[in-house]
Amino acid sequence: MAHRAVPLHVAYAKAPHGWTADAEKKSRAGVGESTTTTPLDSPRHPDKAYLHLPDEILLEIISYLDPKNFAYDYGKAEKQRDLHAFSLVNSQWNAIATPVLYFSPRLEGSHYDKFTRTICPSINLNVRKSPLSSFVRELDLSLLVHQGSKSTTARLLGRTKERLQTFTAPQASFSLNCYPALSKCHALKKLDLSLVSEISSLKTLFEVTAGLESLKDFDLPRSSGFGNNINPATIKWPPNLDSLGLSGGLSSQFWTGQFHLPAGLMTVSITHCPKFDDDCLHAFFLTLISSDCIICHLAFAHLPLLQSDSLDCVLDMFPFLLTLEVSVDYVTPEVLNPAEARIDPTSARYLSDGEEYYSGSEEDEVHLETSDQPDHENRAENVSVPSDGDLIPNKQRRRKPRLRSIVKLEHLELSDSGERDNTEKIEPLDVLMYADDYGMVPRLVRVAVAKSLNWTGENLEGDCDALDDWLVENARARNPPGEEWWSGVRTFG
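Residue numbers (this note's numbering): 20 to 512.
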């Protein structure tokens, strides 16, 4: 019988799935160690000998599909499809894949019915309990419209309550009968009720969530406030809350009331509030300023009663804000030019606070001389400005300091509600001018903008590229070497 010599690495590369060197003879007559032989009349589909991989190898492979691994985030639906295929290889692979598959399932359509039958095999909790319920950490029901029922949602919360960390409520199948199960989800860190359409009692909701000590991110329903009023002074917030989303028909009594916000609150978003006007805005801003909270992130969208420039004051009132997400419906370019954030360069505070910034042409450059004394006032007095006739060494001159801004903004997101004509309201050149030329937002490194604003169009593409280059260079100059940071301009929507 004739034989054909094939290099070992070529045979391995062309072998069917599961082929191992142990399944073939490594040496035949006249063949060395680096080659193996394949009979010409061998069967077309030989029996497969699957290689047993250690669990550590499988865990490394499946880490690419883990929902917690954002470095390989190519879509939740695709990840779930690949996890399902991974679990079908054999029992060992299935045992590795099951906890990851149920960690954060993507639920929609018929998948939801199958999932509920698996997690809730019986209505009576004491009769049958699924061991898979302990794997569920994130329960996102936002894709459901008319599937399921309120009782089914309550049962799911009851079965997954021990380890559930994130819950996003559905639009139509969440109501008062879900509150008892929700109150027992003591590991819950994020609660998103923003899609809930049924009007429910805010007082009852706050009583339920007050006992959730692990809760950090809480978004109110869009239906909240309609048909009932609540005094914010009576609200007992979750003790460790750091992100709060306010929405719905909350009345002016709510916005102008006395809040007792948790000291750890850092993020506040106000969206879909049809009764939120300029008076409510300023009253609530004063409440945030007078509280013990250090607000680092503010978001505003879908607030129809606000004027076209109502939010231009936001950086004046919150100069230490790190992230601002705002619809261009309510701001002008002046939002990046807060007057109260400037510091007089002749004051002592100039040298100890804010961001140093030099502006002007090279002909305006001057040499700054400061004493070695640590006292800020003495240092400010020793700042000298040479006359026009003074000779300054070439290329060692520094630009004339015109102002210093204490604004800490790093991330700016500009959305578009589509409710107003926002054509040419804010353009990339506006952002670049206030960031670079005026130095009012010197720490800005990221700008996200809605595609509907057409920054990447033919007319604005050059300015957008210039802004992107400046943001990238600014981030490179500020971040430690070796650390990767997303910077520049990106579009969304």
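Glycine included, C-beta positions come from ideal geometry on N, C-alpha and C.
{"Query": "For residue 239 and residue 482, the rounded distance between their alpha carbons", "Result": "39 Å"}
{"Query": "Reference residue 201; option with closest CA among 181, 497 and 476", "Result": "181"}
{"Query": "Where residue 230 falls, given that 16 or more other Cβ within 10 Å makes a residue buried", "Result": "exposed"}
{"Query": "Straight-line gap, residue 436 to residue 141 (C-alpha atoms, nearest Å)", "Result": "44 Å"}
{"Query": "Nearest neighbour of residue 281, chosen from 474, 261, 303 and 116 [CA to CA]", "Result": "261"}
{"Query": "Minimum C-alpha distance to residue 287 - residue among 296, 306 and 293", "Result": "306"}
{"Query": "Residue of 433, 456 and 438 minimising C-alpha distance to residue 445", "Result": "433"}
{"Query": "DSSP state of residue 236 mapped onto helix, strand, coil", "Result": "strand"}
{"Query": "Host alpha helix (DSSP H) of residue 448 (start-end)", "Result": "447-451"}
{"Query": "One or two residues paired with residue 318 in a DSSP bridge", "Result": "288 and 344"}
{"Query": "Closest by C-alpha distance to residue 251, when choosing among 267, 276, 236 and 227", "Result": "276"}
{"Query": "Assigned secondary structure, residue 443 (DSSP; H/G/I helix, E/B strand, else coil)", "Result": "coil"}
{"Query": "Alpha-carbon spacing of residue 77 relative to residue 160, whole angstroms", "Result": "30 Å"}
{"Query": "Beta-carbon spacing of residue 357, residue 452 below 9 Å", "Result": "no"}
{"Query": "Whole runs of the alpha helix (DSSP H) within the stretch 159-213, excluding any shorter than 4 residues", "Result": "169-179 and 198-201"}
{"Query": "Buried versus exposed call for residue 104 [16 or more other C-beta atoms within 10 Å across all chains shown]", "Result": "exposed"}
{"Query": "DSSP state of residue 481 mapped onto helix, strand, coil", "Result": "helix"}
{"Query": "N-terminal and C-terminal residue of the alpha helix (DSSP H) that residue 430 is part of", "Result": "It is not in any alpha helix (DSSP H) - residue 430 instead sits in the beta strand (DSSP E) that spans 430-434."}
{"Query": "Rounded straight-line distance, which links the Cα of residue 428 to that of residue 343", "Result": "8 Å"}
{"Query": "Integer Cβ distance of residue 131 from residue 166, believed to fall under 8 Å", "Result": "5 Å"}
{"Query": "CA-to-CA distance, residue 461 to residue 506, given in whole angstroms", "Result": "14 Å"}
{"Query": "DSSP state of residue 497 mapped onto helix, strand, coil", "Result": "helix"}
{"Query": "Residues near residue 204 by beta carbon distance below 6 Å, same chain, minus five either side", "Result": "180 and 183"}
{"Query": "6 Å Cβ shell around residue 328 - same chain, five flanking residues per side excluded", "Result": "351"}
{"Query": "Exposure label - residue 441; buried when at least 16 CB within 10 Å", "Result": "buried"}
{"Query": "Residue 157, DSSP secondary structure in three states", "Result": "strand"}
{"Query": "Distance, residue 178 Cα to residue 148 Cα", "Result": "8 Å"}
{"Query": "Same chain only: Cβ atoms within 7 Å of residue 498, ignoring 5 sequence neighbours per side", "Result": "504"}
{"Query": "Residues of its chain near residue 494, where Cβ-Cβ distance is below 6 Å and the 5 sequence neighbours each way are ignored", "Result": "464, 504 and 506"}
{"Query": "Alpha carbon of residue 164 to alpha carbon of residue 192, nearest angstrom", "Result": "8 Å"}
{"Query": "Integer-rounded CB distance, given that residue 106 should sit under 8 Å from residue 120", "Result": "6 Å"}
{"Query": "Identity of the residues DSSP links to residue 350 by a beta bridge", "Result": "Looking at the DSSP assignment, residue 350 forms no beta bridge with any residue, so it has no partner."}
{"Query": "Contact check, residue 168 vs residue 190, beta carbons under 9 Å", "Result": "no"}
{"Query": "Burial state of residue 110, where buried means 16 or more other Cβ atoms lie within 10 Å", "Result": "exposed"}
{"Query": "Same chain only: Cβ atoms within 7 Å of residue 112, ignoring 5 sequence neighbours per side", "Result": "77, 105 and 106"}
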